[in-house]
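Notes follow the structure.
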Amino acid sequence: MRILRFKEIKRAYISLGILVILYMVSLCSELICNDIPLYVRFNGKSYFPAVKFYPEDLFAGNNKKTRPDYKSINNSAAFRKDAGNFMIFPLVPFSPFESIDPKSIAVSDNVTLVFTQIPRIGTVNIRRDYSIVRSASFGFFINMKDRQTKRVLLPEYYSITENIRQGIEKRFANENAPRLISSRIMGNKGMEVVISLSTYFSRKRAPESVRLTFREAEAKDQSLKKIVFNKSLKPVQNKIKQNSMNIWSSLAPQDRKTLLSMVSQRFLHTIDPFILKVKNRLYSISFEKDDIRFPFAPVKEHLMGIDGAGRDVLARILYGLRTSLTFGLLLVACSMILGIITGAVQGYYGGAIDITGQRLIEIWSALPFLYIMILMGSVYGRSFSLLLFCYGLFNWIGISYYIRAEFLRLRKKEFVEAAKCMGISSYKIIFKHILPNAMVPVITFFPFSLVGAIGALAALDYLGFGLPPPTPSWGELLFQAQQYRWAWWLILYPSLALFVVMLLGVFVGDGIRNAYDPKRCSRLE
Numbered sequence: 001m002r003i004l005r006f007k008e009i010k011r012a013y014i015s016l017g018i019l020v021i022l023y024m025v026s027l028c029s030e031l032i033c034n035d036i037p038l039y040v041r042f043n044g045k046s047y048f049p050a051v052k053f054y055p056e057d058l059f060a061g062n063n064k065k066t067r068p069d070y071k072s073i074n075n076s077a078a079f080r081k082d083a084g085n086f087m088i089f090p091l092v093p094f095s096p097f098e099s100i101d102p103k104s105i106a107v108s109d110n111v112t113l114v115f116t117q118i119p120r121i122g123t124v125n126i127r128r129d130y131s132i133v134r135s136a137s138f139g140f141f142i143n144m145k146d147r148q149t150k151r152v153l154l155p156e157y158y159s160i161t162e163n164i165r166q167g168i169e170k171r172f173a174n175e176n177a178p179r180l181i182s183s184r185i186m187g188n189k190g191m192e193v194v195i196s197l198s199t200y201f202s203r204k205r206a207p208e209s210v211r212l213t214f215r216e217a218e219a220k221d222q223s224l225k226k227i228v229f230n231k232s233l234k235p236v237q238n239k240i241k242q243n244s245m246n247i248w249s250s251l252a253p254q255d256r257k258t259l260l261s262m263v264s265q266r267f268l269h270t271i272d273p274f275i276l277k278v279k280n281r282l283y284s285i286s287f288e289k290d291d292i293r294f295p296f297a298p299v300k301e302h303l304m305g306i307d308g309a310g311r312d313v314l315a316r317i318l319y320g321l322r323t324s325l326t327f328g329l330l331l332v333a334c335s336m337i338l339g340i341i342t343g344a345v346q347g348y349y350g351g352a353i354d355i356t357g358q359r360l361i362e363i364w365s366a367l368p369f370l371y372i373m374i375l376m377g378s379v380y381g382r383s384f385s386l387l388l389f390c391y392g393l394f395n396w397i398g399i400s401y402y403i404r405a406e407f408l409r410l411r412k413k414e415f416v417e418a419a420k421c422m423g424i425s426s427y428k429i430i431f432k433h434i435l436p437n438a439m440v441p442v443i444t445f446f447p448f449s450l451v452g453a454i455g456a457l458a459a460l461d462y463l464g465f466g467l468p469p470p471t472p473s474w475g476e477l478l479f480q481a482q483q484y485r486w487a488w489w490l491i492l493y494p495s496l497a498l499f500v501v502m503l504l505g506v507f508v509g510d511g512i513r514n515a516y517d518p519k520r521c522s523r524l525e
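If you're matching positions, the sequence shown starts at 1 in UniProt numbering and goes up one per residue.
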């Protein structure tokens, strides 16, 4: 009956199916993501390295009994020249522990010159009649030297917009006024500018002048000015737009020679941006090239990118899924068993046993878990089993309270009294008569406890107190994301995996809780 009620909640039933499928897939991680081939055909014989160890000497004939590097062997003459010798690798031929060879990543070998306009900025102080009192770096905007701008009337060169005029009047009237920015204004010298006024607060005395800031308006096609060069220092025409070639053509021969020299240096090492004046405008010229530095963004061979140690993120997420679910299931199972036993004994016997047990549990729950985890890890070394043991020491307390309450409620029922009168042992009464009727909180809390365990493991790994490196873990990937904040793939994919698994677990828990709810119609829907 309850199973049918659970199936009626489609999102819970579907979420359970997806969780089971994901766990089954994660259990087959070695067959999906691995640097060891699934099948090897060599000298007419078949080998299955994914399930059986073979020494390197078997394929390379070098008398080495160590684990073979199958990718290197696959590129050897014995496999390249003989079509009968071949290897079949998994769908993702990378192990979560394998450091990727930078040479194996296919990236563009071109250098891109990016021209970014540096807008000029100048300030000018004006009186009420808009005559200039003093200026700084403003002469450029009206084709004069700064010392020649004094007493010049600003409206003769630029039409002041209405919002700027009102802002100037408020400042001369000594009234509070917000920061203002004008739209693009065309001057009579053909130069577009943006005028701004800073925030103003009233003072004891009205100002004698008001300061305006002039900023050169950026060219609208600025983002398109890119020129791509190959190793021969020739422009790659199919990757360059016409306006970019126009700016290159307008450069002086000496400037072109300087830039080409810097391009050739960029193929060898990184160089700083270069400032150059082009068509009476200042440009910052950067030299961009796809360098192989870890972490590396997603590419065709590595769909989720590469982490800071050069390992495939997809492989580590898949193996991390298995680690997280296995840890969660084992932790919740052990916690449930210990909590059930403790709560059952307290609730069934009551009295001094119950009171003593409650006081001991309260003392135990007051111990700082994180400090104990750090201490145990420093003494015995971090490991999966130690983390499971330490976390299990505290995780059972919550469920023991619920089981104790159920046993206190059920121990006075008629069927328990009848069992006692029949001489049935306390062990059988606890586990065969009362416990089956007290399992509702255990079952309903199981999915939520699983979600909590997965989140706790990720949190401990993120803090550095979880699983030992190089164990694949979502928390460890998120820790790397904190170190490399520009590496969006280290933030997106582990967070998405953690979110999806925890959301599925919550949906399953919600469905189980509703299936065991005795008051189905007590809530409005």
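Where is the CB? At the ideal position from N, CA and C, for every residue including glycine.
Host beta strand (DSSP E) of residue i (start-end)
i: Ser135; result: Ile132 to Ala136
i: Ile195; result: Glu192 to Leu197
i: Val228; result: Lys226 to Phe229
i: Ile361; result: Looking at the DSSP string, Ile361 is not in any beta strand (DSSP E); the run it does join, the alpha helix (DSSP H), is Gly351 to Ser365.
i: Met87; result: Phe86 to Ile88
i: Val114; result: Val111 to Gln117
DSSP bridge partner residues for residue i (one or two, in chain order)
i: Lys45; result: Phe42
i: Gly122; result: Phe214
i: Tyr200; result: Ala177
i: Leu276; result: Tyr283
i: Phe294; result: Paired residues: none, contrary to the question.
i: Asp312; result: Ile306
Contact under 8 Å by Cβ, residue i with residue j
i: Arg359; j: Leu467; result: no
i: Ala438; j: Phe407; result: yes
i: Tyr13; j: Gly511; result: yes
i: Val124; j: Phe214; result: yes
i: Ile160; j: Leu180; result: no
i: Phe79; j: Ala315; result: no
i: Arg67; j: Ala515; result: no
Three-state secondary structure (DSSP) of residue i
i: Val20; result: helix
i: Leu4; result: helix
i: Met422; result: coil
i: Leu212; result: strand
i: Leu330; result: helix
i: Tyr516; result: coil
i: Asp461; result: helix
i: Ile185; result: strand
i: Ser284; result: strand
i: Met304; result: coil
i: Leu180; result: strand
i: Cys28; result: coil
i: Leu91; result: coil
i: Cys521; result: With a pLDDT of 49 at Cys521, under the threshold of 50, the modelled position of this residue cannot be trusted, and the question is left open.
i: Pro235; result: strand
i: Leu467; result: coil
Limits of the unbroken alpha helix (DSSP H) element including residue i
i: Ser168; result: Ser is not the amino acid found at residue 168; the sequence shown has Ile there. Start and end: Glu162 to Phe172.
i: Met262; result: Pro253 to Arg266
i: Lys71; result: Tyr70 to Asn74
i: Ala206; result: Ala206 -> no alpha helix (DSSP H), and no H or E assigned at all.
i: Trp474; result: Trp474 to Gln483
Separation of residue j from residue i, as counted between CA atoms
i: Pro55; j: Ile306; result: 29 Å
i: Tyr484; j: Asp82; result: 44 Å
i: Trp488; j: Asn43; result: 46 Å
i: Pro494; j: Thr326; result: 17 Å
i: Val278; j: Ile271; result: 20 Å
i: Asn34; j: Pro441; result: 41 Å
i: Leu524; j: Ser426; result: Confidence at Leu524 is low in this model, with a pLDDT of 42, below 50, so its placement is unreliable and the value that follows should be read with caution. One C-alpha to the other measures close to 43 Å.
i: Glu208; j: Ile168; result: 11 Å
i: Tyr130; j: Gln117; result: 30 Å
i: Ile121; j: Ile132; result: 16 Å
i: Phe172; j: Arg127; result: 9 Å
i: residue 540; j: Leu282; result: It is not possible to answer for residue 540, since the shown part of the chain is limited to 1 through 525.
i: Ile32; j: Leu91; result: 5 Å
i: Asn174; j: Trp474; result: 58 Å
i: Cys521; j: Trp486; result: Note that Cys521 scores 49 on pLDDT, short of 50, meaning its location in the model is unreliable; the coordinates nonetheless yield the value given after this. Looking at the two C-alpha atoms, the distance is approximately 51 Å.
i: Lys10; j: Leu503; result: 14 Å
i: Asn230; j: Ala252; result: 21 Å
i: Lys204; j: Asn176; result: 12 Å
i: Ile434; j: Leu410; result: 7 Å
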